[in-house]
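Here the structure is laid out as structure tokens; the discussion comes afterwards.
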Amino acid sequence: MLLSTSALAVTVVPLKGQTSQTIQQDASACQSQANAQQPIPDTVPSGGRAKGAATAAVAGATAAEVRGRQHENVYDQIDDDTKQDYRQNHARSAAAAGAVVGGARQRQARRQNLAASEQSSIANNSVYSSCLQQRGYDVLP
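Below, the structure written as structure tokens:
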């Protein structure tokens, strides 16, 4: 009989003449035990680019405003539409850079989560196999 755990397909061979119903019950119980003892995280980070862009856009607009205020005698003479265009241009530029940084951080988090997930999956499969072996099955990869 072929049973599938979260990441590994295994062959379960009953050694004590278990019925198919008993095999299914044991497999389900062992999978529950494995998931309880070694849960496999399934979180995938998302939104890194958008978060980076939003944060950087605010920072860019604020920096543009601060730079403009450093030259108050000229800045006060400029109309409000021009000031707004200046802030928006800096916000756009900063948002583009923030999206790149946010994307890089998101990819790094995904790599870290993948490594942790693989380790958890191996541990989960080990608990699952041990449980079935204790119930009288041979578990083959």
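To convert, count from 1 in the sequence shown and add 6; that's the working numbering. Each residue gets a CB set at the ideal place from its N, CA and C atoms; glycine is no exception.
Give every residue of the same chain whose Cβ lies closer than 7 Å to the Cβ of residue i, excluding the five residues on either side of it in the sequence, and list them in chain order.
i	result
T61	G104
V133	Q39, A40, Q43 and Q44
Q125	none
By the three-class DSSP mapping on this structure, what secondary structure does residue i have?
i	result
D144	strand
T161	Missing from the structure shown is residue 161; the chain here goes from 7 to 147 and no further.
T88	helix
T17	strand
Q39	helix
T25	coil
S44	Note that residue 44 is Gln in the sequence shown here, rather than Ser. Of the three classes helix, strand and coil, the one that applies to Q44 here is coil, per DSSP.
Q139	helix
Excluding the 5 residues preceding and the 5 following residue i in the sequence, name in chain order all residues of the same chain whose CB lies nearer than 8 Å to its CB.
i	result
A63	A97, R98, A100, A101 and G104
Y81	G74, R75 and K89
D123	It is Ser, not Asp, that sits at residue 123 in the sequence shown. Once the five neighbours on either side are set aside, the close Cβ partners of S123 are I46, P47 and D48.
A56	A105 and G108
Q139	V145
A67	R93, Q94, H96, A97 and A100
Leaving out five residues before and five after residue i in sequence, what residues of the same chain have Cβ atoms less than 6 Å from its Cβ?
i	result
S6	Outside the displayed span of the chain (7 to 147) sits residue 6, for which this structure offers no information.
Handout entry: the stretch 91-104 in contact with the stretch 30-44 per 3-pair CB rule at 8 Å
Key = no
Handout entry: contact_flag[the stretch 107-122, the stretch 50-58] where n(CB pairs < 8 Å) is 3 or more
Key = yes
Practice task
Note down, one range per segment and in chain order, each alpha helix (DSSP H) of at least 4 residues found wholly within the stretch 55-107.
Solution key: 78-81
Problem - Three-pair Cβ contact test at 8 Å for the stretch 71-81 versus the stretch 15-32 - result: no
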